[in-house]
Amino acid sequence: MKPNPKGLIISAIKWLVLLGIVVWVIRKFPQKDWDLLVQQPKNWWLLLAALWVVLGANVLSFWRWQRLLLALQVPISLLETVRLGFLGVALNMVSAGSVGGDLFKAIAAASKNKSRKTEVITSVLVDRAIGMLGLVMVAAISTSLFSDLSQQLIGIRNAAIVLSAIGLLGVLGIVLLGKILPLNWLEQIPWVGKKLHKIASACLVFQNDPWLAFVMIVQSLGVHAALTTAMWLVSCALYSEASARPNLAEHFLAVPPALLAGTLPITPGGIGLQEVWIDLLFKQIPSVPSDFSGLIVATMYRVVLLAVALVGGLIYLSGRSNEPSVEPPWHAPPVDDALRDS
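The sequence shown maps to residues 8 to 349 in the working numbering.
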């Protein structure tokens, strides 16, 4: 197959954008921040703790995805889900945004479940949507706990509240109204009707299991709370004095919106965007010490993420691809059958 010139040009432009952002970020570093990053003693135990927290957050997100797959009648073990999840984490570093690895994860998972490819791919999209909802909710909750906010943070808070409300209402609508939505007509569409019906049916999985929706949202909140805590541990590792760094609550104010910016499909792994936003948002908090560098902390956090990606790649490569699958829970009826009965 000949390479697509348009695709090559787009990829080249994205990598050039990444290079430009990285160069700009490096040039933006004050000399004192470089000295801090390179010369100042670091608490390696806290950095190791941050690494473990990020690993734990990833495993929690993989467990969330497995629950969704089982509800969609896709038999898969937790171990295999972890392997495929870490494949996505590793490939996030070379794909656009922090969600690009989902594409590779979906392809790998679908290849192991050929009879339910549509459900597998849809599960990745639904899981990502729930994950994004959890991130927006963490941002909405954390920014709502502060009264003295800059105009930028007020705008972020209001947007996060609106998006959280829309997301929760959407999930509630699926739970309450999913069974009365007429979807059978989709099957009458030539060529793509059956696929569209499967996708729509998979998206309505929560109608049969409202508890699944609740648990997945709670898991998403836990994932992003853990990632924010990991960033705080990195700050503690670089700034030993508590008075020289933002506290945990202030990290919850700045980090979740920055993580959201890192999901934009502009640079591989969101490199550059996330670091710039973390630095910018910490500067919007008056109580943050003036000598604190959000850019340096974000850069060290990126090193932690790279280490996690390396560990994830090793886990995927060292695991066995023929792990035994498990049957879906007995109480989860097939989505298509449930819709047909309604």
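Note that CB positions come from ideal geometry on N, CA and C, so glycine has one too.
With respect to D298, A265 sits apart: the two C-beta atoms are not nearer than 8 Å. Collapsing the DSSP output to three states places S154 in coil. Three or more Cβ pairs closer than 8 Å define a contact, and the stretch 60–69 meets that threshold against the stretch 233–244.
Taking a C-beta distance under 8 Å as the contact criterion, S227 and L140 qualify as a contact pair. Cβ contact annotation for A314 (same chain, cutoff 8 Å, sequence separation greater than five): L58, in chain order. The C-beta distance from R123 to Y323 rounds to 21 Å, too long to fall under 8 Å, and the pair is not in contact.
Taking K49 as the centre and dropping the five residues before and after it, the same chain places the C-beta of A244, L245 closer than 7 Å to its C-beta, in chain order. Counting along the chain, the unbroken alpha helix (DSSP H) around I322 starts and ends at 301–325.
When rounded, the separation of the alpha-carbon atoms in Q291 and Q159 is 8 Å.
Of the candidates V143, L156, A115, S154, the residue whose Cα lies closest to the Cα of A166 is V143. The C-beta distance from E257 to V318 rounds to 29 Å, too long to meet the 8 Å contact threshold.
Taking C-beta atoms under 8 Å as the contact rule, L302 and A261 fail to qualify, at a distance of about 12 Å. Apart from the 5 residues on each side of it in sequence, I137 sits with its Cβ closer than 6 Å to the Cβ of M223, S227 in its chain, given in chain order. When C-alpha distances from V81 are compared across E126, I20, A146, the shortest belongs to E126. Residue environment: D216 is assigned as buried (16 or more neighbouring CB atoms within 10 Å of its CB, all protein chains considered).
Just so you know, the alpha carbons of N65 and E87 end up roughly 14 Å apart. Per the C-alpha coordinates, the member of L15, P12, R74, L55 positioned closest to S242 is L55.
Judged by beta-carbon spacing, W72 lies within the 8 Å limit of D134, meaning their Cβ atoms are closer than that value. Here the alpha carbon of S300 sits roughly 7 Å from the alpha carbon of D286. A distance of 8 Å or more separates the beta carbons of V131 and D155. Minimum Cα-Cα distance from F221 among the listed residues A146, S118, G174, V310 corresponds to G174. If you ignore the 5 residues before and after E248, its C-beta comes within less than 7 Å of no other C-beta in its own chain. A distance of 8 Å or more separates the beta carbons of L79 and V178. Residue environment analysis places W284 among the buried positions, since at least 16 neighbouring C-beta atoms fall within 10 angstroms of its C-beta.
Secondary structure of R252 (DSSP, three-state): coil. Burial of K112 is indicated by the presence of at least 16 other C-beta atoms within 10 angstroms of its C-beta.
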